[in-house]
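Sequential numbering from 0 applies to the sequence shown in numbering that gives the first Met the number 0.
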Amino acid sequence: MTKVIIKAIRYYQKIFRPIVRHNILPTLLLPDCKFYPTCSDYAVEAIKKYGLGRGSLRALSRICRCNPLSSAGVDMP
């Protein structure tokens, strides 16, 4: 199951994210990620490091922190 989730995230990164960023929503509405690594890269690394359950919760926490009120920076899983 873990491999399926990681493949789904990679599919999003390669296929869906570029379409949304460049064709549907202009850059002004969807600025570059303020964190390094991006939330999807963070999710993959967290799932690999902590397993599907705990890694998914950490990824969800990271996505919730990605907002205009949070500070940017490097945030490794």
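We put the beta carbon where it would ideally sit given N, CA and C, even for glycine.
Query                                                                                                                                : Result
From the DSSP output, read off the bridge partner residues of F34.                                                                   : G72
Could you have a look at G50 and say whether DSSP puts it in helix, strand or coil?                                                  : coil
So what's P67 in DSSP terms, helix, strand or just coil?                                                                             : coil
Is the CB-CB distance between C63 and K33 below 8 Å?                                                                                 : no
Does G54 pass the burial test, meaning 16 or more other C-beta atoms within 10 Å, or should it be called exposed?                    : buried
If you count every other CB in all the chains shown that lies within 10 Å of the CB of V3, and 16 or more means buried, which is it? : exposed
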